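Here's the structure we're looking at; comments come further down.
Number of protein chains: 2
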Amino acid sequence: MKGSAGAILLQLQEKVGYPYTLLTPDMYRWGAGGGASWGTLCGTLAGAANMINLVVPAADVPKLVGELFGWYSSTALPTMNHESYAKFPNKTQSIAGNPLCHASVSNWCAASGFRETDEERLNRCAMLAGDVAAKAIELLNSYHAKNFTPAYKVSAETAKCQGCHVGKTSMLGNTLTNMDCAPCHPNAHKK
Amino acid sequence: MKGSAGAILLQLQEKVGYPYTLLTPDMYRWGAGGGASWGTLCGTLAGAANMINLVVPAADVPKLVGELFGWYSSTALPTMNHESYAKFPNKTQSIAGNPLCHASVSNWCAASGFRETDEERLNRCAMLAGDVAAKAIELLNSYHAKNFTPAYKVSAETAKCQGCHVGKTSMLGNTLTNMDCAPCHPNAHKK
Numbered sequence: 019m020k021g022s023a024g025a026i027l028l029q030l031q032e033k034v035g036y037p038y039t040l041l042t043p044d045m046y047r048w049g050a051g052g053g054a055s056w057g058t059l060c061g062t063l064a065g066a067a068n069m070i071n072l073v074v075p076a077a078d079v080p081k082l083v084g085e086l087f088g089w090y091s092s093t094a095l096p097t098m099n100h101e102s103y104a105k106f107p108n109k110t111q112s113i114a115g116n117p118l119c120h121a122s123v124s125n126w127c128a129a130s131g132f133r134e135t136d137e138e139r140l141n142r143c144a145m146l147a148g149d150v151a152a153k154a155i156e157l158l159n160s161y162h163a164k165n166f167t168p169a170y171k172v173s174a175e176t177a178k179c180q181g182c183h184v185g186k187t188s189m190l191g192n193t194l195t196n197m198d199c200a201p202c203h204p205n206a207h208k209k
Numbered sequence: 019m020k021g022s023a024g025a026i027l028l029q030l031q032e033k034v035g036y037p038y039t040l041l042t043p044d045m046y047r048w049g050a051g052g053g054a055s056w057g058t059l060c061g062t063l064a065g066a067a068n069m070i071n072l073v074v075p076a077a078d079v080p081k082l083v084g085e086l087f088g089w090y091s092s093t094a095l096p097t098m099n100h101e102s103y104a105k106f107p108n109k110t111q112s113i114a115g116n117p118l119c120h121a122s123v124s125n126w127c128a129a130s131g132f133r134e135t136d137e138e139r140l141n142r143c144a145m146l147a148g149d150v151a152a153k154a155i156e157l158l159n160s161y162h163a164k165n166f167t168p169a170y171k172v173s174a175e176t177a178k179c180q181g182c183h184v185g186k187t188s189m190l191g192n193t194l195t196n197m198d199c200a201p202c203h204p205n206a207h208k209k
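Residue numbers (the working numbering), protein chains in the order written: chain A, 19 to 209; chain B, 19 to 209.
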């Protein structure tokens with residue numbers, strides 16, 4: 019969390035200055051390990067979302083944060099952009115499927131064969147923090163250049179679930195999420 | 019998110035003043051609906067965690083944030099402490115089972131019969147924001163009075179899962195979470 023928030027905040031401090039100089043990356047440490055190692059929202063996303071909130075009008079914050087969450091959920095990460103300085107070369111990319119630290123880490127462990135406690139996993143999440151900060155800055159730049167267009171769409175399978183379960187006009191509007199349904203509800207309507 | 023962060027931040031501004039007067043609750047809006055309505059970490063927790071991070075040394079932040087997450091996951095909410103001012107009386111309490119907005123909202127919708135889009139649901143989450151802010155302040159007060167003791171323990175069932183899946187000495191340390199396993203992995207080891 020501190021990594022992604024800091025990567026953006028330090029740029030704001032260098033290029034804009036006040037009021038961003040009033041803040042410090044150390045304000046954004048609680049999200050590590052998906053929040054106190056609980057594995058909820060990935061800390062890199064929590065850090066970047068806090069930064070997006072600082073520089074975008076309130077009504078547009080969910081558009082950019084939602085796009086960042088969607089990109090994170092559906093992209094093979096970490097990217098290969100860290101080879102010149104990463105401690106370990108990036109041999110394994112994986113797709114989290116949702117913005118949760120737990121899914122992101124476990125999918126990568128399954129794909130790479132490493133344990134969550136291995137130094138390679140810490141290195142992987144450090145690379146991810148860089149990728150998320152870079153993507154957030156890309157979205158912010160396109161937003162401020164007035165050419166931001168949301169690209170992320172939920173999967174066809176999840177869209178079908180949402181037809182009944184999400185929204186004001188749905189039959190059974192008991193749900194508020196954009197996360198893919200099937201990974202946690204594999205047996206829905208199959209009992 | 020803004021509700022719980024603001025409830026704590028305004029107290030810090032009134033009772034302590036600087037440097038908290040440099041901040042505004044509007045910095046903490048991205049977490050609404052579990053982050054841009056994605057249903058990840060409950061925004062009331064993200065708001066409170068940002069505040070805990072401001073007033074506790076970094077090494078102790080996870081202890082308090084983790085305790086808050088555990089309390090939220092296992093407590094029937096909202097409390098009945100809002101009856102004198104809430105728009106709708108609190109007729110339904112539910113237990114989220116984890117710190118995720120999606121689980122919290124859907125469990126409450128199932129228990130209450132309301133839709134996620136109903137005004138009663140918004141009222142419910144507003145009460146929850148008050149409860150989370152109050153609990154965070156209770157934890158912070160006990161911490162600063164030097165009598166904070168973490169009380170939350172994962173369920174026996176989840177502790178059994180963690181025995182193999184979480185931690186450096188585990189057989190298969192591929193997981194980083196304290197969330198209950200069974201709700202999303204009902205068929206683990208049963209295939």
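For every residue, glycine included, the Cβ atom is placed at its ideal position computed from N, Cα and C. Owing to the predicted nature of the structure, the values given are computational and were not obtained by experimental measurement.
Practice task
Just the C-alpha distance for B/M98 and B/K109, rounded to the nearest angstrom, thanks.
Solution key: Their Cα atoms are separated by approximately 9 Å.
Handout entry: As assigned by DSSP and simplified to three states, the class of A/T193
Key = Taken through DSSP and simplified to helix, strand or coil, A/T193 comes out as strand.
Exercise for the section: Work out the CA separation of B/T167 and A/I26 for me, nearest whole Å. Expected result: It is roughly 35 Å from the alpha-carbon of A/I26 to the alpha-carbon of B/T167.
Practice task
Kindly indicate which residue of A/W126, A/M145 and A/N71 has the alpha-carbon position closest to the one of A/K105.
Solution key: Ranking the options by Cα distance to A/K105, first place goes to A/M145.
Problem - Start and end residues, alpha helix (DSSP H) containing B/G53 - result: Bounds of any alpha helix (DSSP H) do not take in B/G53, whose DSSP letter is neither H nor E.
Practice task
Just the C-alpha distance for A/A76 and A/P37, rounded to the nearest angstrom, thanks.
Solution key: When only Cα atoms are considered, A/A76 and A/P37 end up about 18 Å apart.
Practice task
Measuring only between beta-carbons, confirm whether B/P216 sits less than 7 Å from chain A.
Solution key: The structure shown does not extend to residue 216 of chain B, since chain B spans only 19 to 209, so no value can be given for it.
Problem - A/P107 to A/R139 span [Cα, whole Å] - result: Each residue's Cα considered, the two are about 12 Å apart.
Exercise for the section: Could you tell me which residues DSSP pairs with B/L118 in its beta bridges? Expected result: The partner list for B/L118 (beta bridge, DSSP) reads B/L59.
Exercise for the section: Would you identify the three-state DSSP class for B/V74, choosing helix, strand or coil? Expected result: In this structure, B/V74 counts as coil in the three-state DSSP scheme.
Problem - Residues that B/L118 contacts on chain A, provided the C-beta gap is smaller than 7 Å - result: Neighbours of B/L118 on chain A, chain order: T58.
Problem - For B/P43, the nearest candidate out of B/G53, B/S55 and B/M19 (CA to CA) - result: Ranking the options by Cα distance to B/P43, first place goes to B/M19.
Practice task
Please check if any C-beta of chain A sits within less than 7 Å of the C-beta of B/L40.
Solution key: Judged by the 7 Å Cβ criterion, B/L40 is in contact with chain A.
Practice task
Go ahead and label B/D149 buried or exposed: buried means 16 or more other beta carbons lie within 10 angstroms of its beta carbon, across all protein chains shown.
Solution key: With 16 or more other Cβ atoms from the protein chains shown falling within 10 Å of its own Cβ, B/D149 counts as buried.
Practice task
Tell me, please, whether the CB atom of A/L194 is closer than 7 Å to any CB atom in chain B?
Solution key: Yes, because at least one Cβ of chain B sits closer than 7 Å to the Cβ of A/L194.
Practice task
Might you give, ordered along the chain, the residues of its own chain that have their beta carbon closer than 6 Å to the beta carbon of A/A23, omitting 5 neighbours on each side?
Solution key: Only P43, Y46, G65, N68 and M69 meet the Cβ criterion.
Practice task
Please determine, among A/E101, A/A163, A/D198 and A/W89, the residue with the shortest C-alpha to C-alpha distance to A/Q180.
Solution key: Of the candidates A/E101, A/A163, A/D198 and A/W89, the one whose C-alpha sits nearest the C-alpha of A/Q180 is A/D198.
Exercise for the section: Please state whether DSSP places A/S102 in a helix, a strand or coil. Expected result: The three-state secondary structure of A/S102, taken from DSSP, is coil.
Practice task
Compare the beta carbon distance of A/S188 and A/C182 with 7 Å and say whether it is the shorter of the two.
Solution key: Taking C-beta atoms as the reference points, A/S188 and A/C182 count as a pair closer than 7 Å.
Problem - CB contact check: B/E134 to chain A, cutoff 7 Å - result: Residue-level contact check: B/E134 touches chain A, since one or more beta carbons of chain A fall below 7 Å from its beta carbon.
Problem - Own chain partners of A/L118 with C-beta closer than 8 Å, once the 5 adjacent residues on each side are dropped - result: Answer for A/L118: G52, G57, T58, L59, C60 and M197, listed in chain order.
Exercise for the section: Look at the Cβ atom of B/L157, then the Cβ atom of B/L82, and state whether they are nearer than 7 Å. Expected result: The beta carbons of B/L157 and B/L82 sit closer together than 7 Å.
Problem - Short CB-CB distance (under 7 Å) between B/F166 and chain A - result: So, not an interface residue.
Handout entry: Selected residue, minimal CA-CA separation from A/L190, among B/I155, B/E134, B/C143 and B/N71
Key = A/L190 has its Cα closest to that of B/E134, out of B/I155, B/E134, B/C143 and B/N71.
Exercise for the section: Check A/L140 in the structure and name its three-state DSSP category. Expected result: In the three-state reduction of the DSSP assignment, A/L140 falls in the helix class, which pools H, G and I.
Handout entry: Test: A/N71 CB closer than 7 Å to a CB of chain B
Key = Interface residue, yes.
Practice task
Anything in chain B within Cβ reach of A/M197, meaning under 8 Å, just list it in chain order.
Solution key: Chain order gives the chain B residues near A/M197 as W56, G57, T58 and H120, where near means a beta carbon separation below 8 Å.
Exercise for the section: Could you tell me whether any Cβ in chain A is nearer than 7 Å to the Cβ of B/P80? Expected result: With 7 Å as the cut-off, B/P80 counts as an interface residue toward chain A.
Practice task
Just the chain B side, please: which residues come within less than 9 Å of A/F87 by C-beta, in chain order?
Solution key: Ordered by position in chain B, the residues that pass the 9 Å Cβ test against A/F87 are G53, A54, W56 and T58.
Practice task
Starting from the beta carbon of B/D44, find every residue of chain A whose beta carbon is closer than 9 Å, and list them in chain order.
Solution key: What B/D44 touches in chain A: N71 and A76.
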